[in-house]
Structure formats: C-alpha cells, structure tokens
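Visitor: Residue numbers (numbering that gives the first Met the number 0): 0 to 721.
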Amino acid sequence: MKRAGANASVKTATTPRLGHRPQMRSASKISLTIKELSGSKKLEPNASKMSFKANTSTNLKVPHVKVPTARSTGISKRSASTISCRTDNRKAEETQLTQLTKISSSAGDHDTNSTTGGGVSGGTGGQVLSARERVAENNKLKVFESLQRKLQDMQTDFMQKFESLKLSSPDKLKTDFKFITMVKSDECKLVLKEDHMVKMPKRLPLDSVNDFKEKVRSAVDGCLVTLMENLKEIQGMRNETERTLSLEETYSKLEKQQDRKLQDLFESVNALANAKDAEMDAQIVRMQKEIQEGKKALHTSEKKLAELKAIHADELAAVEKDQKEKTDADVMKRETQIAEMNRKLRNLEKQHDKLKATLQQNNEECSQGQTEKARLIDELKSCKDTIQTLTKKLTTAESQLSHEKKDKHEKCDTIQKLESELEKSKKELEEAQQAKPPPAEHHHHEKELKKEIHKLKGKLDALEKEKQEFIMQVEQLKEELSVVDKLRHKINDLEEQNRELLAREKTAMESVELPKEYQAELAKLRQSEAEKVREIEKLKIQLSKAHFNIEQLEEQIRRDQQLLEVRSDLINSLQTNDNSQRIHLEQMFAEVGDKNNTINELNNDLRTKAEEFQNLFSTLSHKQMELSRQEHMIKLLEESNERSQMLRVKQEEKIGRMEEEIANLKQTIAIYQHNVLGNAACKNLIYPPIVGTDDYNENLYYYASERRRKRQVDINVKKYET
C-alpha cells in the first residue's frame with residue numbers, strides 16, 4: 000500500500016509453519032528510512048529499511064558480536080532466513096549510488112564525484128562550491144554511509160548468529176526474524192530473485208519511519224539554512240582575511256551543529272531499535288571522537304609545520320647571509336696574503352737560482368778533483384779485491400786438504416781392517432786344510448771360500464783404486480798449495496816493492512834538486528794550487544752563507560706555511576661549522592620530510608578507508624537490490640497464495656454444499672423407499688437405511704462451519720495487514 004509523504008512502500012506476507020494453526024501474534028518492528036535533501040536538488044529515492052518481527056512484545060536490537068560456536072542454555076526463540084552476502088559487480092540499472100570522497104593531501108580539500116543529481120550548490124544555482132561547502136556535503140554523505148555500513152554489519156552478524164543457533168538447536172527456536180530491504184520510489188517496484196523469496200515480514204510501522212524522515216529532513220534543512228546565511232554574509236565581505244576567518248567560523252559552527260544533529264539522529268535510531276548493545280555505540284562514538292581529534296591534530300600539525308617552515312626559512316636565510324659575508328671577508332684577506340706570499344716566493348726563487356749557479360760551478364770544480372780521487376780509490380779497491388780472492392782460495396784449499404787428509408786416514412784404517420780380515424781368513428784356510436773334512440763338504444766349503452776370496456779381492460781392488468785416486472788428489476792439492484804459497488810470496492814481495500818505491504819516491508823528491516825553470520813552474524803550480532785552495536775556501540764560505548740564507552728562507556717559508564696552516568684550520572673550522580649547520584638544516588628538512596611522509600601516509604590511509612567505505616557501500620547496494628528482488632518475488636508469491644487460498648475456500652464451500660445436497664438426496668431416497676416402495680415385491684430394491692443421520696449432519700455442519708470461519712479469518716487478517 001502507498002502512503003503520502005513516504006519514500007518507499009513495503010508489502011509483506013506471512014509464512015505459516017506446517018502442523019501449526021495460524022494465530023495473530025503481537026509483533027515489535029524496527030524500521031529505518033534514510034533520506035537526504037540538499038538545496039533545490041534531490042537524491043535518488045532509495046530507502047534502506049530493516050524490520051525485525053518476534054513472538055514477544057519486547058523490542059529487540061541486533062547485537063554487534065561474533066557468532067559463537069555453541070550455546071547450551073539461554074537460547075532466544077528466534078528463526079530467520081539468511082541474507083545473501085554476494086557482491087554483484089554489475090551496475091545497478093534502477094538505482095544510482097553516491098561515491099565517497101577523495102582526499103587530496105596537498106591542499107586539504109575534498110573532491111566528491113556524485114553519480115546522482117544530489118549535491119549542495121549553496122543556493123546559487125550553477126555556482127561552483129567552495130572547499131568548506133564541499134566538506135559539509137561530504138560530511139553528510141559520510142553520515143549516510145556510516146548508517147548504511149552499520150545496518151549491513153547488524154544484518155550480517157545477526158543472521159550469522161541466528162543460523163549457527165538454528166543449526167545447534169532447531170527444536171528450541173520457534174520464532175522467525177525477517178528483513179525488509181530497499182525498494183525504489185513509491186511505485187513499489189521490487190527487484191528480487193525467486194531464490195530470495197523466503198520468510199519476509201509483511202509490514203513496517205510507518206509512524207517511526209516518518210518521524211525519522213522528518214528528523215533527517217530537519218537536520219539537513221537546518222545545516223543548509225545556516226550554510227546559506229553564512230555564505231551570503233561571506234559574499235558581502237571584501238577582505239580575504241575576514242572571509243577566511245568567517246569561513247573557518249562557519250565551518251566550526253556547521254561541524255558542531257552537524258555533530259549535535261547527528262547525535263540526536265543516532266539517539267533516535269537507538270530509541271527506535273531499542274539499543275541494548277552499548278559497547279558498539281561506545282566504540283562508534285569513540286571512533287568518531289578519535290577521527291575528529293585526528294583531524295584537529297592534523298590541522299594543528301599542518302599549522303605548526305607551516306610556522307616551522309617559515310621560521311626555518313628565515314633562520315636559514317640569515318645564517319646564509321652571515322656565512323656569505325664572513326666567507327667573502329676571509330677570502331679577500333687570504334687573497335691579499337697569498338699575493339704577498341707569492342711575491343716573496345718569487346724573490347726567494349731568484350736568489351735560489353743565483354745560488355744554484357754558483358753551487359754548480361763549485362760542484363764542477365770539486366767533481367774534477369773527486370774523479371781523480373775516485374780513480375785512485377778504485378785502483379786500491381781492485382788490489383784489495385784480488386788479495387781477498389787469493390786469501391779465499393787459500394782458505395778453501397786448506398779446508399779441502401784437511402778434509403782429504405781425514406778421508407785418507409779413514410781409508411787407511413779400512414785397508415788395515417781388511418788386511419787383518421784377510422790374514423784371519425788365510426789362517427782359517429790353513430786350519431781347514433789341516434782338518435781335512437770329507438770330499439763333498441770340502442768341495443762345497445772350498446767353493447764358498449773361493450767366493451768370499453773373490454769378493455774380498457774385488458773389495459781390495461776397489462780400495463786400491465780409491466787409494467790411487469786419493470793419492471792423485473793429494474798431489475794436486477800439494478801442487479795448488481805450492482802455487483798459493485808462491486802467490487803469497489809474490490804478493491808480499493809486491494807490497495814490499497811498493498813500499499820501497501814509495502819511500503824511494505819520497506826520498507827522491509826530497510833529495511833531487513830540480514832545475515830553476517822546473518822549480519819556478521813548480522812554485523807557480525803551488526801558488527796556483529794555494530790560490531785555488533783559497534778560492535775553494537771562499538766558495539765554501541759563500542756556499543755556507545748561501546746555505547744559511549736558504550735555511551733562513553726555509554724557516555720563513557715554514558713560518559708562512561704555519562700561518563697558512565692556521566688560516567686553513569680556521570677555514571676548515573668555518574667549513575665544518577658551515578657543514579654542521581647544513582647537516583642540522585638537512586636534519587630539520589628530513590624531519591619535515593618525515594612529517595610530510597606521515598601526513599601523506601595518513602592521507603593514503605584515509606584514501607584506502609574511503610575506498611573500503613565505497614566498496615562496502617557498493618556491496619550494501621547490491622545486497623539491497625537483491626533483497627528488493629526477493630521482496631518483489633515474495634509479493635508475487637503472496638498474491639498467488641491469496642488466489643490459491645480463495646480458490647480453495649470456494650472449492651471447500653462447493654464441496655460442503657455438494658455434501659449437504661448428497662446427504663439430503665440420500666435422506667429423500669430413503670424416505671421415498673420407505674413410503675413408496677414399501678410393498679413386498681419391491682423390498683429387494685430398497686436401499687439400507689442411514690443410521691445416525693442426525694449425528695452425521697451435525698458433525699458435517701460443524702466441520703464445514705469451522706473451516707469456513709478459519710478461512711474467513713485468514714482472509715481478513717491478510718486484508719488488514721495489506
């Protein structure tokens with residue numbers, strides 16, 4: 000049936016159990032109808048409805064808990080049909096759903112893609128919405144989606160729990176719990192499948208639905224009115240600062256008003272559903288508070304981050320200016336110092352080149368004298384080397400001679416031993432000849448002795464050969480020793496001759512008187528030699544002075560290098576300070592980057608949650624479509640059931656009338672037989688009398704009347720419910 004002002008119509012039918020009489024029972028029902036209105040535009044007339052029908056008169060709320068495996072006692076008497084939880088990826092042909100918001104991490108604005116025609120335009124027709132208005136619109140959509148998710152979770156958890164209890168103890172559960180889902184517009188076009196038409200309720204209490212609709216409309220209209228008023232005031236302003244402040248104030252007011260009205264709506268929903276699961280509501284409230292706190296914390300962190308960035312940029316610019324000024328001054332000073340040092344170094348290099356030229360001349364003169372000295376030293380070294388080689392040869396020859404003497408003594412000892420053994424063997428031979436053993440043994444023993452004698456002769460020959468070789472080696476060594484002795488004598492003679500020649504030369508030089516010309520030349524040579532010696536001494540003095548000057552210059556260079564090192568240390572310290580400051584700044588930038596990453600992660604989490612919400616919303620819409628199809632099929636089955644019941648009632652009435660007519664006909668026939676055909680000729684044609692006609696007719700009438708009354712009661716109940 001249709002109702003004015005309602006956004007959906009619902010029709011239900013009873014499903015009586017077999018073996019039980021249908022009775023009118025008191026039923027408590029909970030229904031939800033959610034409708035959003037925004038400005039002059041209107042959303043699709045989709046309605047999400049839920050109804051619970053129980054045997055008892057108390058209100059029920061679906062507990063949001065997990066399904067237990069088994070329950071021994073305390074099982075509530077309920078029974079219900081399952082809800083299909085499959086997700087249909089096809090696009091809904093008759094309903095269009097709003098998409099969730101997409102959160103942008105850069106600007107903080109939220110862009111909504113609404114597939115329906117709904118959307119707040121701020122009361123200005125085709126004007127583009129601002130960020131605050133889009134946020135307000137998105138908040139409304141989020142409230143609607145949260146209610147849809149809550150409804151879906153309640154339905155799925157309740158049906159899972161009920162199915163598990165029904166499997167564990169089917170005899171104790173005698174109550175049916177049935178869901179009514181979405182219908183499209185007021186035309187009552189239900190979209191269901193034949194498989195889903197199982198155990199659905201008949202009717203929803205429209206008073207509670209209309210009250211909730213009115214509350215939702217009033218909440219949305221109040222938010223829109225305040226938003227329009229604030230937008231008009233903001234458009235009249237000229238300063239951007241005042242606009243931003245007024246926008247923030249309106250945003251905060253809208254948030255507060257929206258939270259207050261949402262709280263009222265949640266309280267009304269809980270009152271309708273007779274909420275008993277306080278834990279789930281507390282969790283929802285806590286999650287909402289956490290989301291609000293997270294938004295506030297994110298907003299404050301963004302403000303702090305912007306302030307820190309500004310402070311950091313100012314500090315960095317000031318530090319860079321100071322460092323640049325300091326570095327420029329230090330560079331100028333160091334450039335002047337480096338120019339002075341380069342000038343001094345050039346002067347020192349010139350002096351050094353002059354001293355090098357004088358040193359080369361002196362070195363050339365010294366090298367000539369050193370070549371002569373080196374030649375004499377080489378000759379002396381060669382003589383010493385020859386003497387050393389001869390001494391080495393002599394020592395080696397002496398060692399070889401001593402070694403050969405030892406070998407000779409050893410071999411002589413072995414020869415003596417062999418001679419003694421030979422004598423012993425000869426004596427044994429003589430003794431054996433004197434003993435004269437038998438001929439065979441004597442012959443055998445003689446062969447053995449011959450073999451031994453032959454072996455001993457071979458050993459003697461080898462020893463004699465070795466003896467001769469040793470004798471030859473001894474003779475060679477003696478010859479070598481004689482040669483070495485001769486060489487020693489020659490060396491000694493040569494040394495003595497050299498000494499004598501040197502002494503003679505000295506005496507000759509002292510004793511011999513040269514002619515005057517040679518003496519004059521010799522004096523000139525000596526004078527020139529003395530002058531050269533003086534010049535050499537002067538050059539040595541100059542060289543020592545040059546060395547002294549070079550040392551002074553080197554000391555000055557060292558001092559300059561020390562100064563340069565000190566200045567380089569200062570430069571390095573400044574560079575290290577600069578690097579440390581840069582590292583500190585990089586760390587600060589890294590911290591800022593980490594904060595940005597955390598903010599991006601939060602934004603990504605929000606995006607993922609939004610996608611999850613969208614997926615849940617799509618699954619809920621598919622399930623609602625399936626339930627609407629089921630409701631449509633249920634309606635068709637109810638109509639066919641009504642037709643079959645009406646036909647059955649008519650047929651039963653016909654059967655009752657025909658049975659009454661048959662009974663009347665039988666009575667008339669019996670009376671006719673008794674009265675007309677009572678003669679003896681026709682007694683064989685008389686039907687047997689009907690016994691207990693009064694009782695039969697009374698029972699028949701009672702059964703038929705009761706059956707008609709029951710059918711009429713069922714028809715009236717159905718008409719009343721529809």
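Quick reminder that beta carbons are idealized off the backbone N, C-alpha and C, glycines included.
Mind reading off the beta-carbon distance from Leu723 to Thr299? Whole number of angstroms is fine, and I expect it under 8 Å.
Guide: Nothing about residue 723 can be reported from this structure: the residues present for the chain run from 0 to 721 only.
Visitor: Should Gly293 be listed as close to the ligand PLP, given that the test is whether its C-beta is under 7 Å from any heavy atom?
Guide: Of the ligands one can find in the structure shown there are none, so the ligand PLP has no counterpart to examine.
Visitor: Touch check for the stretch 618-636 and the stretch 145-159: three-plus C-beta pairs under 8 Å?
Guide: yes
Visitor: For Asp170, which three-state DSSP category applies?
Guide: coil
Visitor: Give a yes or no on whether the C-beta atoms belonging to Gln644 and Asp713 are separated by under 8 Å.
Guide: Yes, the Cβ-Cβ distance between Gln644 and Asp713 is below 8 Å.
Visitor: Would the beta-carbon of Lys260 fall within 8 Å of that of Ala218?
Guide: yes
Visitor: Which same chain residues, not among the five before or five after Arg706, have their C-beta less than 7 Å away from its C-beta?
Guide: Glu651
Visitor: Quick check on DSSP: helix, strand or coil for Arg237?
Guide: coil
Visitor: Determine the direct distance from the alpha carbon of Gln551 to that of Asn576, and round the result to whole angstroms.
Guide: 37 Å
Visitor: Measuring alpha carbon to alpha carbon, tell me which residue in Gln322, Arg345, Val215 and Lys355 is nearest Leu544.
Guide: For clarity, residue 544 is Lys in the given sequence; the question names Leu instead. It is Lys355 whose Cα lies nearest to the Cα of Lys544.
Visitor: Please classify Lys129: does DSSP put it in a helix, a strand, or coil?
Guide: Note that residue 129 is Ser in the sequence shown, not Lys. Secondary structure of Ser129 (DSSP, three-state): coil.
Visitor: Going by beta-carbon coordinates alone, are Asp559 and Met340 separated by less than 8 Å?
Guide: Between Asp559 and Met340, the C-beta spacing is below 8 Å.
Visitor: So, is Lys464 buried or exposed, given that buried needs 16 or more other C-beta atoms within 10 angstroms?
Guide: exposed
Visitor: If you draw a straight line from the alpha carbon of Ala461 to that of Lys391, how long is it in whole angstroms?
Guide: 34 Å
Visitor: Alpha carbon to alpha carbon, how far is Val648 from Arg708? Give it in angstroms, no decimals.
Guide: 10 Å
Visitor: Go through its chain and collect everything with a Cβ distance to Val330's Cβ below 8 Å, but skip five positions before and after it.
Guide: none
Visitor: Keeping to the same chain, check which residues put their C-beta closer than 8 Å to that of Glu536; ignore five residues upstream and five downstream.
Guide: The answer is none, since no qualifying residue turns up.
Visitor: Quick check: what's the CA-CA separation for Ile290 versus Lys141?
Guide: Each residue's Cα considered, the two are about 12 Å apart.
Visitor: Mind the definition here: the stretch 657-669 touches the stretch 603-619 only if three or more C-beta pairs lie below 8 Å; say whether that holds.
Guide: no
Visitor: With 16 other CB atoms within 10 Å as the buried threshold, where does Cys411 fall?
Guide: exposed
Visitor: Between Lys214 and Ser267, which are expected to be in contact by the criterion C-beta below 8 Å, what is the C-beta distance as a whole number of angstroms?
Guide: 6 Å
Visitor: For Thr243 and Phe588, what's the separation of their Cα atoms in angstroms?
Guide: 29 Å
Visitor: How would you call Ser704, buried or exposed, if buried means at least 16 neighbouring beta carbons within 10 angstroms?
Guide: exposed
Visitor: Is it buried or exposed, Ser572, if we count other Cβ atoms within 10 angstroms and call 16 or more buried?
Guide: exposed
Visitor: Return the residue from the list Asp377, Lys149, Lys349 and Phe211 that minimises the CA-CA distance to Ile283.
Guide: Here the closest residue by C-alpha is Lys149.
Visitor: Among Lys450, Glu468, Asn138 and Gln586, whose alpha-carbon lies nearest the alpha-carbon of Ser251?
Guide: Asn138
Visitor: How is Asp694 classed by DSSP in three states: helix, strand or coil?
Guide: Since pLDDT at Asp694 reaches only 44, below the 50 mark, its modelled position is unreliable, and the value read off the structure follows with that caveat. In this structure, Asp694 counts as helix in the three-state DSSP scheme.
Visitor: If you drop the 5 nearest sequence neighbours on each side, which residues of the same chain put their C-beta closer than 8 Å to that of Ala309?
Guide: none
Visitor: Give me the Cβ distance between Leu297 and Leu615, rounded to the nearest whole Å; I'm assuming they're in contact under 8 Å.
Guide: 24 Å between Cβ atoms; not a contact.
Visitor: Since Val591 contacts Leu304 with CB under 8 Å, what's their CB separation in whole angstroms?
Guide: 7 Å
Visitor: Is it right to say His135 is buried, meaning 16 or more other beta carbons lie within 10 angstroms of its own, or is it exposed?
Guide: Reading the sequence as shown, one finds Ala at residue 135 and not His. So Ala135 counts as buried.
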